[in-house]
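*Asks:* This is the structure, below, for whatever I ask next.
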Ligand code: NAP
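See the structure below:
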């Protein structure tokens with residue numbers, strides 16, 4: 017077990033990437049606090065972890081609420097005696113009408129996006145770092161995206177937030193390195209979560225095949241792909257890695273777009289019935 021005696025918080029840990037992360041951290045011996053806005057889903061994931069022999073508790077947390085973040089850290093310490101890992105993963109902005117560029121996005125949507133993606137990480141560190149120091153060190157992993165490395169039209173809020181997470185990760189790594197606290201980010205490619213499968217892909221197998229063609233490894237990601245990378249970054253095996261943003265994206269962000277465009281054009285000609293995802 018690589019995380020024996022560690023205590024972890026996973027925001028948005030009820031399902032999707034955070035759900036798999038909570039399960040993997042527990043499998044590696046960490047005690048886990050699932051901090052999620054959806055209490056029922058958090059309890060369901062916690063039951064899976066307990067059934068597998070893991071130590072876990074849940075707390076309803078809205079990461080846009082500063083008081084919830086403080087309570088989250090206090091609860092982990094009260095329940096498990098210390099805090100050594102914080103995975104900043106929660107996001108739910110797409111329901112809030114954040115789509116569009118600078119001329120479409122509302123100030124309210126901008127502020128919500130910056131609160132859920134950035135202020136939550138700032139305040140999470142403010143409350144978690146003193147506890148990690150008391151614990152003798154720790155690891156923070158911030159979930160960015162390939163959208164933090166490359167950009168797309170119609171997504172001002174998401175692209176700004178996810179790229180700023182990478183900047184904040186570097187700053188915090190410099191700041192907290194001397195305290196024995198490492199800070200890294202992960203940039204996932206397209207990860208088919210339970211929610212995404214149900215909402216987007218269940219009735220569109222051609223669409224997901226089209227997506228797969230965009231990846232050098234010819235598949236999209238699974239939550240476990242990201243969870244495994246998080247376990248690695250939190251383990252002693254990564255003790256000399258800090259301040260980096262690791263793409264876990266099947267090679268999506270390393271290929272030339274002109275080659276990709278030509279290949280996709282061929283694919284579409286060969287599969288004229290494809291229902292394109294966008
Ligand atoms: P998901 O399946 O939608 O799960 C996110 C969880 O976070 C849900 O349980 C959600 O609850 C919860 N949540 C939403 N708002 C919250 C808040 N304010 N406070 C606390 N919890 C909150 O998400 P996911 O696709 O796994 O994404 C996880 C992270 O990976 C996000 O940061 C996302 O930007 C990033 N990411 C995902 C992908 C991908 O392809 N899936 C790719 C790149 C990056 P509700 O169900 O009630 O909203």
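Numbering (my numbering), first residue to last: 17 to 294. Positions of the beta carbon are idealized from the N, C-alpha and C atoms, including for glycine.
Per DSSP, which one or two residues make a beta bridge with residue 308?
*Replies:* Missing from the structure shown is residue 308; the chain here goes from 17 to 294 and no further.
*Asks:* Where does residue 119 sit, in a helix, a strand or coil, going by DSSP?
*Replies:* Coil at residue 119, not helix or strand.
*Asks:* Considering residue 70, what are the terminal residues of the alpha helix (DSSP H) in which it resides?
*Replies:* Looking at the DSSP string, residue 70 is not in any alpha helix (DSSP H), and its letter there is neither H nor E.
*Asks:* At a cut-off of 7 Å, is residue 198 close to the ligand NAP when judged by its beta-carbon and the heavy atoms of the ligand?
*Replies:* For the ligand NAP, not one heavy atom lies less than 7 Å from the Cβ of residue 198.
*Asks:* Assuming residue 48 and residue 72 make a contact with CB atoms under 8 Å, what is their CB distance in whole Å?
*Replies:* Yes, they are in contact, since the Cβ atoms of residue 48 and residue 72 sit about 5 Å apart, within 8 Å.
*Asks:* Counting C-beta neighbours from all protein chains within 10 Å, is the total for residue 250 16 or more, i.e. buried, or is it exposed?
*Replies:* Its Cβ being crowded by 16 or more others within 10 Å, residue 250 is buried.
*Asks:* Determine, using beta carbons only, whether residue 23 and residue 246 come nearer to each other than 8 Å.
*Replies:* Their beta carbons are not under 8 Å apart, which means residue 23 does not touch residue 246 by this criterion.
*Asks:* By how many angstroms is the C-alpha of residue 134 removed from the C-alpha of residue 20?
*Replies:* Going from the Cα of residue 20 to the Cα of residue 134 covers about 30 Å.
*Asks:* Alpha carbon to alpha carbon, how far is residue 230 from residue 276? Give it in angstroms, no decimals.
*Replies:* Distance between the alpha carbons of residue 276 and residue 230 is about 7 Å.
*Asks:* State buried or exposed for residue 39, treating a residue as buried only when at least 16 other CB atoms are found within 10 Å of its CB.
*Replies:* Buried, since its Cβ has 16 or more Cβ neighbours within 10 Å.
*Asks:* Please report the residue range of the alpha helix (DSSP H) in which residue 21 lies.
*Replies:* It is not in any alpha helix (DSSP H) - residue 21 carries neither H nor E in the DSSP assignment.
*Asks:* In angstroms with no decimal places, state the Cα-to-Cα distance between residue 168 and residue 83.
*Replies:* The alpha-carbon atoms of residue 168 and residue 83 are separated by roughly 34 Å.
*Asks:* In the DSSP assignment, what are the bridge partners of residue 3?
*Replies:* With the chain running from 17 to 294 in the structure shown, residue 3 is simply not present.
*Asks:* I need the straight-line Cα distance from residue 288 to residue 108, nearest angstrom please.
*Replies:* Rounded to whole angstroms, residue 288 to residue 108 spans 34 Å at the Cα level.
*Asks:* Can residue 263 be considered in contact with the ligand NAP, in the sense that its beta carbon sits closer than 7 Å to one or more heavy atoms?
*Replies:* Incorrect: residue 263 has no Cβ contact closer than 7 Å to the ligand NAP.
*Asks:* Taking 7 Å as the cut-off, is the beta-carbon of residue 161 closer than that to any non-hydrogen atom of the ligand NAP?
*Replies:* Because some heavy atom of the ligand NAP lies under 7 Å away, the Cβ of residue 161 counts as near it: yes.
*Asks:* Considering Cα atoms alone, identify which of 44, 220 and 37 is closest to residue 294.
*Replies:* That would be 220, whose Cα lies nearest to the Cα of residue 294.
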